[in-house]
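*Asks:* Protein chains in written order, with our numbering: chain A, -3 to 214; chain B, 6 to 216. A virtual CB, placed ideally from N, CA and C, is assigned to each residue, including glycine. Fair warning: this is a prediction, and the values are worked out from it, not measured in the lab.
#1: Do residue 14(A) and residue 124(B) have their C-beta atoms within less than 7 Å of each other?
#2: Under 7 Å, do residue 143(B) and residue 179(B) count as touching if we go by C-beta distance?
#3: So the candidates are 72(B), 101(B) and 164(B); which of them puts its Cα closest to the Cα of residue 86(B)?
#4: Would you mind working out which of 28(A), 40(A) and 51(A) sits nearest residue 55(B), comparing C-alpha positions?
#5: Would you mind working out which of 26(B), 38(B) and 162(B) sits nearest residue 106(B), comparing C-alpha positions?
#6: Let me know if residue 144(A) comes out buried or exposed under the rule of 16 or more other beta-carbons within 10 Å of its beta-carbon.
#7: Output needed in chain order: residues of the region 152 to 164 of chain B with a Cβ under 8 Å from some Cβ in chain A.
#8: Does the beta carbon of residue 84(B) sit closer than 7 Å to a beta carbon anywhere in chain A?
#9: Just checking: is the beta-carbon of residue 10(A) within a distance shorter than 7 Å of some beta-carbon in chain B?
#10: Classify residue 163(B) as helix, strand or coil using the three-state DSSP reduction.
#11: By Cβ distance below 6 Å, which residues in the same chain neighbour residue 2(A) in space, the five residues on each side in sequence not counted?
#12: Would you list the residues sitting across from residue 46(A) in a DSSP beta bridge?
#13: Since residue 197(A) and residue 164(B) should fall inside the 8 Å C-beta cutoff, what is the C-beta to C-beta distance between them, to a whole number of angstroms?
#14: Determine the direct distance from the alpha carbon of residue 105(A) to that of residue 169(B), and round the result to whole angstroms.
#15: Could you work out which residue in 130(B), 83(B), 46(B) and 73(B) is closest to residue 110(A) when comparing CA atoms only?
#16: Are residue 6(A) and residue 136(B) closer than 7 Å when you measure CB to CB?
#17: Select from 172(B), 196(B) and 175(B) the residue whose C-alpha is nearest the C-alpha of residue 182(B).
#18: Is DSSP giving residue 77(A) helix, strand or coil here?
#19: Let's see if you can read the secondary structure: which residues bound the beta strand (DSSP E) around residue 54(B)?
#20: Listing by chain order, which chain A residues have their CB less than 8 Å from the CB of residue 147(B)?
#21: So does the region 119 to 139 of chain A actually touch the region 51 to 69 of chain B, counting three or more Cβ pairs closer than 8 Å?
#22: To the nearest angstrom, report how far apart residue 160(B) and residue 110(B) are at their CA atoms.
#23: Against chain B, which members of the region 25 to 36 of chain A pass a CB distance test of less than 9 Å?
#24: Is residue 121(A) close to chain B, meaning its C-beta is less than 7 Å from at least one C-beta of that chain?
#25: Starting from the Cα of residue 267(B), find the closest Cα among 173(B), 89(B), 91(B) and 59(B) and give me that residue.
#26: From residue 17(A) to residue 136(A), what distance separates their C-alpha atoms?
#27: Name the DSSP bridge partner or partners of residue 182(A)?
#28: DSSP three-state call for residue -1(A): helix, strand or coil?
#29: Please say whether residue 45(A) and residue 171(A) have beta carbons closer to each other than 7 Å?
#30: Check this for me: beta carbons of residue 4(A) and residue 117(B), under 7 Å apart or not?
#31: Taking the alpha-carbon positions, what's the residue 190(A) to residue 201(A) distance?
#32: Listing by chain order, which chain A residues have their CB less than 7 Å from the CB of residue 176(B)?
#33: For residue 35(A), count the other beta carbons within 10 Å of its own beta carbon; 16 or more makes it buried, fewer makes it exposed. Which is it?
#34: Cα separation between residue 83(B) and residue 80(A)?
#35: Can you give me the Cβ contacts of residue 39(A) inside the same chain, cut-off strictly under 8 Å, excluding the 5 residues immediately before and after it?
#36: With a threshold of 6 Å on Cβ separation, who are the neighbours of residue 210(B) within its own chain once the five nearest residues in sequence on each side are excluded?
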């Protein structure tokens, strides 16, 4: 969706402000929110693209003004309520009012090390890759109302295939429960001027990781 | 949330964070009582990110690449395998890519759509990496972003920005600073900053770091 999360190329947000010796968490609740998200993600009630989509659907004013982990908290509460695993009254009371539902799997302390390893998103291809390294392709001018990983600044632009990264779970379908639908993934490189016009820095190139359905032959 | 709770008035960060503490505690309590989460597992996750998983892991890989040409070649060809061979607590996923800075090319990593970041080698991303200013500007004005970090590169240096729009994760192999000939891997690793592995900084010069 053309949501507020799709920030690439926007102007007016001001300078990047880094914090010297930034702690991993600014308060203990941030660490708990991260851990709760990881533990519930492990349960396989939703996948990573569904959880990204849940953040993207947040009202723009909340998205821009809530801190990162505050958004993770809102997202987790929403996913849990939406799927009927908890209800809003329980959250308000701070206690369960009914027993939990069975989970596909539950993260035990002994499995934490394993759970912190990133999963693999590579899948067996069902067809050969359509594009080759060095080929010029155009990204589609597409505006799905659901989750996609093709940023707006890189739509309808011509770039060069730099690398074929294998065949991967397709976020656009897996995010809406329409299956993994594995697709070839490419590193697609653009000249700065193709993205930003004549005034672009001539020394700039930008690449995205582009799934094959985002691309068409030039 | 309910605003009827007693606020934790002696909390050092004020009422907003106290409210967040209460709200997160409420959620954790509900999930624990329902049998969805084990608080001991949550403790271990927090501990792992606070202690073991951080940029010191990436710094080890960079320092090794600076002294060991075979490791450098493997890192650039298959970063997952190269970093995996170092035996970190949290093994890397299978889509890690290392990109090399040279005098002619400077790489910078961003995720314009969310906050994708190579957690296994760099830990959790800093707040600025997840912020709107960085995510919006990195792809259109990376030299301006570098200025915010006090870094100025020659006009002819190619700037390559990698937008992490899939599960591929990127880390930068920064240039080895001059004046470090004969240094051990351990000593070199002290020069490798987190920002130098994101591409918003350069490795420290000798003298800027404790030997």
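*Replies:* Taking the structure as given:
#1: Your numbering for residue 14(A) matches position 18 in the first chain. Your numbering for residue 124(B) matches position 119 in the second chain. Contact check for residue 14(A) against residue 124(B) fails: the beta carbons are separated by 7 Å or more.
#2: Locating residue 143(B) in the second chain gives position 138, counting from the first residue. Locating residue 179(B) in the second chain gives position 174, counting from the first residue. In this structure, residue 143(B) keeps its C-beta atom at 7 Å or more from the C-beta atom of residue 179(B).
#3: Locating residue 86(B) in the second chain gives position 81, counting from the first residue. Closest option to residue 86(B), Cα to Cα, is 101(B).
#4: By one-based count along the second chain, residue 55(B) stands at place 50. Taking only the C-alpha atoms, the option nearest residue 55(B) is 28(A).
#5: Here residue 106(B) refers to the residue found at position 101 of the second chain. For residue 106(B), the nearest C-alpha among the options comes from 162(B).
#6: The residue given as residue 144(A) occupies position 148 in the first chain. Counting Cβ neighbours within 10 Å, residue 144(A) comes out buried, since at least 16 surround it.
#7: Taking 8 Å as the Cβ-Cβ cut-off against chain A, the residues of the region 152 to 164 of chain B that qualify are 153, 154, 160, 161, 162, 163 and 164.
#8: Residue numbering aside, residue 84(B) sits at position 79 when the second chain is read from its first letter. With 7 Å as the cut-off, residue 84(B) does not count as an interface residue toward chain A.
#9: Stepping through the first chain from its first residue, residue 10(A) is reached at position 14. At a cut-off of 7 Å, the C-beta of residue 10(A) has a neighbouring C-beta in chain B.
#10: Locating residue 163(B) in the second chain gives position 158, where the first residue counts as 1. The DSSP-derived three-state label of residue 163(B) is strand.
#11: As a working mapping, residue 2(A) is identified with position 6 in the first chain. Within the same chain, residue 2(A) has close Cβ partners 147 and 148.
#12: Sequence index remark: in the first chain, residue 46(A) carries index 50 (1-based). According to DSSP, residue 46(A) bridges with nothing at all.
#13: One-based indexing of the first chain puts residue 197(A) at position 201. One-based indexing of the second chain puts residue 164(B) at position 159. Contact flag correct, Cβ pair sits at about 7 Å.
#14: As a position in the second chain, residue 169(B) is number 164, starting the count at 1. As a position in the first chain, residue 105(A) is number 109, starting the count at 1. One C-alpha to the other measures close to 31 Å.
#15: Along the first chain, one-based indexing puts residue 110(A) at 114. Measuring from the Cα of residue 110(A), the nearest candidate turns out to be 46(B).
#16: Here residue 6(A) is taken as the residue at index 10 of the first chain, counted from 1. Here residue 136(B) is taken as the residue at index 131 of the second chain, counted from 1. No.
#17: Taking the second chain and counting its residues from 1, one reaches residue 182(B) at position 177. Looking at the Cα atoms, 196(B) is the closest of the given residues.
#18: If you number the first chain from 1, residue 77(A) lands on position 81. Residue 77(A): helix per DSSP, three-state reduction.
#19: Stepping through the second chain from its first residue, residue 54(B) is reached at position 49. The continuous stretches of beta strand (DSSP E) do not include residue 54(B), and DSSP gives it neither H nor E.
#20: As a working note, residue 147(B) is residue 142 in the second chain. Those within 8 Å of residue 147(B) in chain A are 197 and 200.
#21: No, they do not touch.
#22: Start at 1 with the first residue of the second chain, and residue 160(B) comes out as number 155. Start at 1 with the first residue of the second chain, and residue 110(B) comes out as number 105. Roughly 11 Å separates the two Cα atoms.
#23: If the cut-off is 9 Å between Cβ atoms, the region 25 to 36 of chain A has 25, 26, 27, 28, 29, 30, 31, 32, 34, 35 and 36 near chain B.
#24: For the purposes of this step, residue 121(A) is taken as the residue at position 125 of the first chain. Cβ-Cβ to chain B under 7 Å: no for residue 121(A).
#25: It is not possible to answer for residue 267(B), since the shown part of chain B is limited to 6 through 216.
#26: Against the first chain, residue 17(A) aligns to sequence position 21. Against the first chain, residue 136(A) aligns to sequence position 140. Straight-line Cα distance between these residues: approximately 42 Å.
#27: Within the first chain, residue 182(A) is the residue found at index 186, counting from 1. Under DSSP, the beta-bridge partners assigned to residue 182(A) are 160(A) and 206(A).
#28: As a working note, residue -1(A) is residue 3 in the first chain. Coil.
#29: Along the first chain, read from residue 1 onward, the residue named residue 171(A) stands at position 175. Along the first chain, read from residue 1 onward, the residue named residue 45(A) stands at position 49. Yes.
#30: Residue mapping note: residue 4(A) aligns to position 8 of the first chain, counting from 1. Residue mapping note: residue 117(B) aligns to position 112 of the second chain, counting from 1. A Cβ-Cβ contact shorter than 7 Å links residue 4(A) with residue 117(B).
#31: Numbered from 1 along the first chain, position 194 holds the residue referred to as residue 190(A). Numbered from 1 along the first chain, position 205 holds the residue referred to as residue 201(A). In a straight line, the C-alpha of residue 190(A) is about 9 Å away from that of residue 201(A).
#32: Translated into the one-based positions of the second chain, residue 176(B) becomes position 171. Residues of chain A passing the Cβ test: none, with the nearest at roughly 14 Å.
#33: Working through the first chain from its first residue, we reach residue 35(A) at position 39. By the neighbour-count rule (16 or more Cβ atoms within 10 Å), residue 35(A) is buried.
#34: Here residue 83(B) refers to the residue found at position 78 of the second chain. Here residue 80(A) refers to the residue found at position 84 of the first chain. Going by the C-alpha atoms only, they are around 43 Å apart.
#35: Translated into the one-based positions of the first chain, residue 39(A) becomes position 43. Only 99, 100, 101, 102 and 103 meet the Cβ criterion.
#36: Against the second chain, residue 210(B) aligns to sequence position 205. Same-chain partners within the cutoff: 182.
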